[in-house]
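Colleague: For reference, the structure I am asking about is given below.
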Amino acid sequence: FKLGVQECFQMTGSLDNCSAGKNDVPDAIAPGKGPDLINSIDVATEGDTIIVNPGNYVENININESSLTLKSDSGPSVTIINGSINISEAGHNFILGGTDGVGFTIQNESSQDDAFIRIGTKANTLIENITIAYNNFSLSADFAYPTFGILILEANITNLNITGNIFWLNESYQTAIAADDVVDVSDVNIISNTFTVTSGENETTTRGIAIAVPNINVSGKPFVIEGNTFTNLTQAIVIGNDSGDGIKAGD
Numbered sequence: 001f002k003l004g005v006q007e008c009f010q011m012t013g014s015l016d017n018c019s020a021g022k023n024d025v026p027d028a029i030a031p032g033k034g035p036d037l038i039n040s041i042d043v044a045t046e047g048d049t050i051i052v053n054p055g056n057y058v059e060n061i062n063i064n065e066s067s068l069t070l071k072s073d074s075g076p077s078v079t080i081i082n083g084s085i086n087i088s089e090a091g092h093n094f095i096l097g098g099t100d101g102v103g104f105t106i107q108n109e110s111s112q113d114d115a116f117i118r119i120g121t122k123a124n125t126l127i128e129n130i131t132i133a134y135n136n137f138s139l140s141a142d143f144a145y146p147t148f149g150i151l152i153l154e155a156n157i158t159n160l161n162i163t164g165n166i167f168w169l170n171e172s173y174q175t176a177i178a179a180d181d182v183v184d185v186s187d188v189n190i191i192s193n194t195f196t197v198t199s200g201e202n203e204t205t206t207r208g209i210a211i212a213v214p215n216i217n218v219s220g221k222p223f224v225i226e227g228n229t230f231t232n233l234t235q236a237i238v239i240g241n242d243s244g245d246g247i248k249a250g251d
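Note that my numbering has the sequence shown beginning at 1, numbered continuously upward.
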């Protein structure tokens, strides 16, 4: 980041790197050392990359700036976000994780959020090398929260890539990737993800990919679901619903 001296000091707790002409704030952060993850994201500007050191970050994150990249320094096995990530309408061109082991584990041990990752932007989102681990935080006899791993909220989606992620589900009507209100999609790729129910209690509905809307118009570039692995789920891929026509090809 490039920050003013005051902002730099607030982030780092030191003036060592904050003198005039020397106000580079290191991208990498760690728990207990300087700012938390939320503050780092809040001060980021368009085009910034935030590299996160190993640790357990108990935070709910909002992405409200465009063209941000959030990745880990050492990979998902040692970099854990214990909370949720909400990508707002303004958060287009967002990259979470990436290749070469720079992703995260996202889990949620004590929240009533409906999803680990909520996508509310319409354009250019990449989610790659992320492990989503349900922890069976059950709030009722029938449902466990979060219900969704990745929940797509925007009605018109362009250039969404969900690739190389791992979803560990356990029970109770959980869905790894869900879209409830999608109308028009272009260049959406859900590729090479792994979906596994771990508890063995999959007599209730556990879904890998659910596009649960009456009609989807696939316009322009394709909507691709391929190379995914499903283990012990009651339903691997569900498209459309009882009242609709499923997917329609575009003009």
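C-beta atoms are modelled at their ideal positions from N, C-alpha and C, and glycine is treated no differently.
Could you pull out every residue in the same chain whose Cβ sits closer than 7 Å to the Cβ of PRO26, ignoring the five residues on either side in sequence?
Modeller: By 1-based counting over the sequence shown, the position of residue 26 is 26. At PRO26 the pLDDT is 46, less than 50, meaning the model places this residue with poor confidence; the figure from the coordinates comes in the next sentence. There are no such residues.
Colleague: Please name the residue in VAL224, LEU233, ASP180, GLU59 whose C-alpha comes closest to that of THR205.
Modeller: One-based indexing of the sequence shown puts residue 205 at position 205. Closest by alpha carbon: LEU233.
Colleague: Is the distance from the Cβ of THR105 to the Cβ of GLU128 below 8 Å?
Modeller: On the sequence shown, residue 105 is found 105 positions in, with the first residue counted as 1. On the sequence shown, residue 128 is found 128 positions in, with the first residue counted as 1. Cβ atoms of THR105 and GLU128: not closer than 8 Å.
Colleague: Is ASP42 helix, strand or coil when you go by DSSP?
Modeller: Taking the sequence shown and counting its residues from 1, the one referred to as residue 42 is at position 42. DSSP places ASP42 in helix when its eight states are reduced to three.
Colleague: I'd like to check one pair, LEU70 with ALA115: are the Cβ atoms closer than 8 Å?
Modeller: In the sequence shown, residue 115 corresponds to position 115, counting from 1. In the sequence shown, residue 70 corresponds to position 70, counting from 1. Not in contact: ALA115 and LEU70 (Cβ atoms no closer than 8 Å).
Colleague: Candidates ALA90, VAL102, SER67: which alpha carbon is nearest ILE51's?
Modeller: As a working note, residue 51 is residue 51 in the sequence shown. With distances taken between Cα atoms, ILE51 lies closest to VAL102.
Colleague: If ASN82 and ASN108 are in contact, beta carbons under 8 Å, what's the gap, nearest whole angstrom?
Modeller: For this step, residue 82 is matched to residue 82 along the sequence shown. For this step, residue 108 is matched to residue 108 along the sequence shown. Their Cβ separation, rounded to whole angstroms, is 7 Å, which keeps ASN82 and ASN108 in contact under 8 Å.
Colleague: Which residues share a DSSP beta bridge with ALA115?
Modeller: The sequence position of residue 115 within the sequence shown is 115, counting from 1. PHE148.
Colleague: If distances are taken between C-alpha atoms only, which option among ASN170, ASP187, ALA176 comes closest to ASN228?
Modeller: As a first step, residue 228 must be located in the sequence shown, where it is residue number 228. The option with the nearest alpha carbon to ASN228 is ALA176.
Colleague: Rounded to the nearest angstrom, what separates ASN64 and LEU160 at their Cα positions?
Modeller: Walking along the sequence shown from the start, residue 64 turns up at place 64. Walking along the sequence shown from the start, residue 160 turns up at place 160. Linking ASN64 to LEU160 through their CA atoms gives a straight-line distance of about 17 Å.
Colleague: Rounded to a whole number of angstroms, what is the C-alpha to C-alpha distance between VAL41 and ILE191?
Modeller: Stepping through the sequence shown from its first residue, residue 41 is reached at position 41. Stepping through the sequence shown from its first residue, residue 191 is reached at position 191. Contrary to the premise, residue 41 reads as Ile rather than Val in this sequence. Near 28 Å, if we compare the C-alpha coordinates of ILE191 and ILE41.
Colleague: Measure from the C-beta of ASN159 to each C-beta in chain D and report whether the shortest distance is under 8 Å.
Modeller: Absent from the structure: chain D. Only one protein chain is present.
Colleague: May I have the straight-line CA-CA distance separating THR231 from THR194, to the nearest angstrom?
Modeller: Mapped onto the sequence shown, residue 231 falls at position 231. Mapped onto the sequence shown, residue 194 falls at position 194. If I take the Cα positions, the gap works out to 8 Å.
Colleague: Drop a sphere of 10 angstroms on the beta-carbon of ASN165, count the other beta-carbons inside from all chains shown, and report buried for 16 or more, exposed for fewer.
Modeller: To locate residue 165, count along the sequence shown from 1; it is residue 165. Classification for ASN165: buried.
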